[in-house]
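Per the numbering used here, numbering of the sequence shown is gapless, rising by one per residue and ending at 759. We put the beta carbon where it would ideally sit given N, CA and C, even for glycine. Just so it is clear, the structure is predicted and the values come from calculations on it, not from any experiment.
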Amino acid sequence: MKVIYLFLIRMVSFLNLFRKKRNIVYFMSFDSNVDFIKKLAANKPAKSRLIVYYRDSTEAAATDLAAFGIITRPFKDNISFVLGKVPQLMGARLIFCDNYYAFLGGLFKTPKMKIVQVWHANGAIKKFGWEDPTTDQRSGSDKRRFQAVYDKFDDYIVSSNAMGKVFEQSYHANSDQMRLLGYPRSDAFFDEEAIQASRERIYRTAPELKGKRVILYAPTYRDDGTFKLPVGTSKALTSDPNAIVVIKLHPVVRDREDAVREVRNPQIRFYHQFSTSDLLTVADTLVTDYSSVVFDFSLLKSAKSVIFFMFDLEKYRKDPGIQNDFLDWLPTNPVLNVDDLAERIIADESSDFTEFNHKWNTYNDGNASDRVIKHYLELFNS
Numbered sequence: 378m379k380v381i382y383l384f385l386i387r388m389v390s391f392l393n394l395f396r397k398k399r400n401i402v403y404f405m406s407f408d409s410n411v412d413f414i415k416k417l418a419a420n421k422p423a424k425s426r427l428i429v430y431y432r433d434s435t436e437a438a439a440t441d442l443a444a445f446g447i448i449t450r451p452f453k454d455n456i457s458f459v460l461g462k463v464p465q466l467m468g469a470r471l472i473f474c475d476n477y478y479a480f481l482g483g484l485f486k487t488p489k490m491k492i493v494q495v496w497h498a499n500g501a502i503k504k505f506g507w508e509d510p511t512t513d514q515r516s517g518s519d520k521r522r523f524q525a526v527y528d529k530f531d532d533y534i535v536s537s538n539a540m541g542k543v544f545e546q547s548y549h550a551n552s553d554q555m556r557l558l559g560y561p562r563s564d565a566f567f568d569e570e571a572i573q574a575s576r577e578r579i580y581r582t583a584p585e586l587k588g589k590r591v592i593l594y595a596p597t598y599r600d601d602g603t604f605k606l607p608v609g610t611s612k613a614l615t616s617d618p619n620a621i622v623v624i625k626l627h628p629v630v631r632d633r634e635d636a637v638r639e640v641r642n643p644q645i646r647f648y649h650q651f652s653t654s655d656l657l658t659v660a661d662t663l664v665t666d667y668s669s670v671v672f673d674f675s676l677l678k679s680a681k682s683v684i685f686f687m688f689d690l691e692k693y694r695k696d697p698g699i700q701n702d703f704l705d706w707l708p709t710n711p712v713l714n715v716d717d718l719a720e721r722i723i724a725d726e727s728s729d730f731t732e733f734n735h736k737w738n739t740y741n742d743g744n745a746s747d748r749v750i751k752h753y754l755e756l757f758n759s
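Spelled out as structure tokens, the structure:
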């Protein structure tokens, strides 16, 4: 079925090859670039249209964009997309993608169409693409399909040479495809007015957090669908009796909240109405594992400390894999068991993010969106 689907994509895109290239398309599977998309819409050439194709998980963000006057359409890999959307897609001069999109492997692309990977994280602890150890177990046809998608990207917007190297290794990209412009999504963590507004919004709903040490536990999901924490995790997280622990699980494993709660504990709270980015603005301590959330948290002036609770480190090294040198650049050494987690929380020592940010957030300074828009809208003058 995948082969047939990609064949249809290629056929329909070829039949629409000569459509005039004047529009901008954004494929959205994460909701963290809404402000950038709005700014892009406000600055686009008068004769071009901006169309956002969104996955179901970002419907709320799409509704926000639609209210702003931006064209939004749901995206699914199906025949409706092939016949109804691909012809329109072939009218794009510029296509932004924030993730891997399989249909690109079949798209008949011309030199007048630029496809840009804007990704969804400032850095990477986990491996992906060709660096994922499980890729070796794939069939030859799967590997060719993957590379066909990777080869469609002209540019990669990155915030550091380190992330550029990750794409070079993970997607077999070339160094001259890396655009050191900074991640647009990072601008929000430099906007003090927006940060303060976020805090006030949270405090209105959760006044109990104000004046307290807030520990945010935000682990990543596991690709195998498991999320079983070591016994005693909730007790360790609440080791500081004066702190409130806010749990923010990945949407994929949100139904596993009881695995963290263990027993009803008044120190543990869940605020589903707030995004992880919002909750970072009130957090003093971030407890995470292999998630990219640390690359955002480290940009906040209010960020005090981070703890990497990697209880399944050896298993995770094998699947999906971790960057080989991660121990060299993490701002603090990981903890592997609940006793050490409790000890680290009680100690409440500050983390130094200076070298970490120098490596991964080199070009994130609050002005990335402006640089990206200026760089890519020049295409419409050529």
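State the CB to CB distance for the pair residue i and residue j, rounded to an integer number of angstroms; the pair is presumed to be in contact (CB under 8 Å).
i, j, result
"Ala439", "Thr449", "4 Å"
"Ala469", "Val402", "4 Å"
"Leu713", "Met687", "6 Å"
"Val623", "Thr615", "That belief does not hold up - the Cβ atoms of Val623 and Thr615 are roughly 11 Å apart, past 8 Å."
"Phe685", "Pro711", "4 Å"
"Leu654", "Ala525", "Looking at the sequence provided, one finds Ser at residue 654 rather than Leu. About 33 Å; that fails the 8 Å criterion."
"Asp725", "Asp617", "7 Å"
"Thr709", "Val683", "6 Å"
"Phe730", "Ala680", "7 Å"
"Asn642", "Ser668", "Their Cβ separation, rounded to whole angstroms, is 23 Å, which puts Asn642 and Ser668 out of contact at 8 Å."
I'd like to confirm the pairing. Which residues does DSSP put opposite residue i in its beta bridges?
i, result
"Met555", "Tyr533"
"Val665", "It is Thr, not Val, that sits at residue 665 in the sequence shown. BP columns for Thr665 point to Phe685."
"Ala620", "Arg590"
"Ala660", "Answer is none; Ala660 lacks a bridge partner."
"Leu427", "Ile401"
"Val712", "Phe686"
"Arg646", "Val623"
"Ile699", "Lys503"
Could you tell me whether the Cβ atoms of residue i and residue j are closer together than 7 Å?
i, j, result
"Phe413", "Ser746", "yes"
"Phe480", "Ile386", "yes"
"Ala660", "Val608", "no"
"Ala613", "Val715", "yes"
"Arg556", "Asp531", "no"
"Asn476", "Ser563", "no"
"Arg396", "Ser425", "no"
"Met490", "Ser390", "no"
"Gly698", "Pro510", "yes"
"Asp666", "Thr597", "yes"
"Phe757", "Pro451", "no"
"Gly483", "Leu383", "yes"
"Leu663", "Leu606", "no"
"Arg432", "Ser409", "no"
"Ile447", "Val429", "yes"
"Tyr753", "Leu471", "yes"
"Ala571", "Val543", "no"
"Tyr560", "Tyr527", "no"
"Lys589", "Lys529", "no"
"Phe404", "Tyr478", "yes"
Under the criterion of a Cβ to heavy atom distance below 6 Å, does residue i qualify as lining the ligand SAH?
i, result
"Ala438", "Among the components modelled here there is no ligand, and therefore nothing to report on the ligand SAH."
Exercise. How about the segment 528-539 and the segment 729-748: do they share at least three Cβ pairs that are nearer than 8 Å?
Worked result: Yes, since at least three Cβ pairs between the segment 528-539 and the segment 729-748 fall closer than 8 Å, the two stretches touch.
For this session: Could you say if the segment 572-581 and the segment 514-530 meet the contact criterion of at least three C-beta pairs nearer than 8 Å?
Result: Segments in contact, no.
For this session: Count the C-beta pairs between the segment 641-648 and the segment 672-682 that are closer than 8 Å, then say yes if the count reaches three, no if not.
Result: Contact fails: fewer than three Cβ-Cβ distances are below 8 Å.
For this session: Inspect the CB distances between the segment 502-518 and the segment 416-423 and report whether three or more fall short of 8 Å.
Result: No, the segment 502-518 is not in contact with the segment 416-423.
Exercise. Of all the beta strand (DSSP E) runs that stay within the bounds of the segment 489-529, which reach a length of 3 or more residues?
Worked result: As far as the segment 489-529 is concerned, its whole beta strand (DSSP E) runs of at least 3 residues are 491-494.
For this session: Quick one: which unbroken beta strand (DSSP E) runs of 3-plus residues sit fully inside the segment 442-490? Chain order, please.
Result: Taking only runs of at least 3 residues, the beta strand (DSSP E) segments lying wholly in the segment 442-490 are 448-451 and 469-474.
Problem set entry | At least three beta-carbon pairs within less than 8 Å, the segment 454-462 to the segment 495-507 | Short answer: they don't touch.
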